[in-house]
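J.: Residue numbers (my numbering): 24 to 211. C-beta: ideal position from N, C-alpha, C; glycine also.
1. Would you call residue 177 buried or exposed, if buried means 16 or more other Cβ atoms sit within 10 Å of its Cβ?
2. For residue 199, report the span of its alpha helix (DSSP H) as first-last.
3. In the DSSP assignment, what residue or residues form a beta bridge with residue 67?
4. Between the Cα of residue 113 and those of 45, 79 and 48, spot the shortest distance and give me the residue it belongs to.
5. Kindly indicate which three-state DSSP category residue 181 falls into: helix, strand or coil?
6. Taking the Cβ atom as the reference point for each residue, do residue 145 and residue 169 lie within a distance shorter than 8 Å?
7. What span of residues does the alpha helix (DSSP H) with residue 76 cover, start to end?
8. Counting along the chain, where does the alpha helix (DSSP H) carrying residue 116 start and finish?
9. With distances taken between CB atoms, is the gap from residue 140 to residue 64 smaller than 8 Å?
10. Closer than 7 Å by C-beta to residue 106: which residues in its own chain qualify, once you throw out the five before and the five after it? Chain order, please.
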């Protein structure tokens, strides 16, 4: 109960009334790139300064993840996870398989990333990457990570990077709002 109250206060403090410039930027993205509604999926791609796969390969194993949440039968899980981890690299085909599992295929996609990830394949599939859109609404007096966070919090489905505190903050807020996020990490 105590942690639930804390999280509710956290959500209320940070996201019940974000800066107007963030709201205007989100309105622009939703209206002009996401079909005018919040029925889009979001992905947080985080490379952790290039060391994500090494860290994830060290602190997790495939059995930590549920085959009800992620497509665990894919080849990505059979590679050297210290060099290429599906939840770090998040290539489009893998994420599309996650969306298909959760009946989100065909959904618009919003990608939050740390500018270290290659998003060209996402862009080729019409995903929305706020940092790539040239518009004054998206460049007006705020740190773009807050727009990315706001967009991920409000999507109807979210794929997170389990080693990122940014993803954890988004997931915690989404939990309060009863919005689905994957993966849930077990035994960690």
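T.: According to the structure data:
1. Your numbering for residue 177 matches position 154 in the chain shown. Burial call: buried.
2. Here the question's residue 199 lines up with position 176 in the chain shown. Counted as a single uninterrupted DSSP element, the alpha helix (DSSP H) harbouring residue 199 occupies residues 188-199.
3. Counting from one through the chain shown, the residue named residue 67 turns up at place 44. Per DSSP, the beta-bridge partners of residue 67 are 135.
4. Looking up residue 113 in the chain shown gives position 90. Selection 45, 79 and 48 evaluated against residue 113 yields 79 as nearest (Cα-Cα).
5. Within the chain shown, numbered from 1, the residue matching residue 181 stands at position 158. Strand.
6. Your numbering for residue 145 matches position 122 in the chain shown. Your numbering for residue 169 matches position 146 in the chain shown. No.
7. For the purposes of this step, residue 76 is taken as the residue at position 53 of the chain shown. Annotation for residue 76: the continuous alpha helix (DSSP H) segment containing it runs 75-82.
8. Here residue 116 refers to the residue found at position 93 of the chain shown. Unbroken alpha helix (DSSP H) run through residue 116: 115-124.
9. Sequence index remark: in the chain shown, residue 140 carries index 117 (1-based). Sequence index remark: in the chain shown, residue 64 carries index 41 (1-based). Not closer than 8 Å, so no.
10. The residue given as residue 106 occupies position 83 in the chain shown. Cβ within range, chain order: 76.
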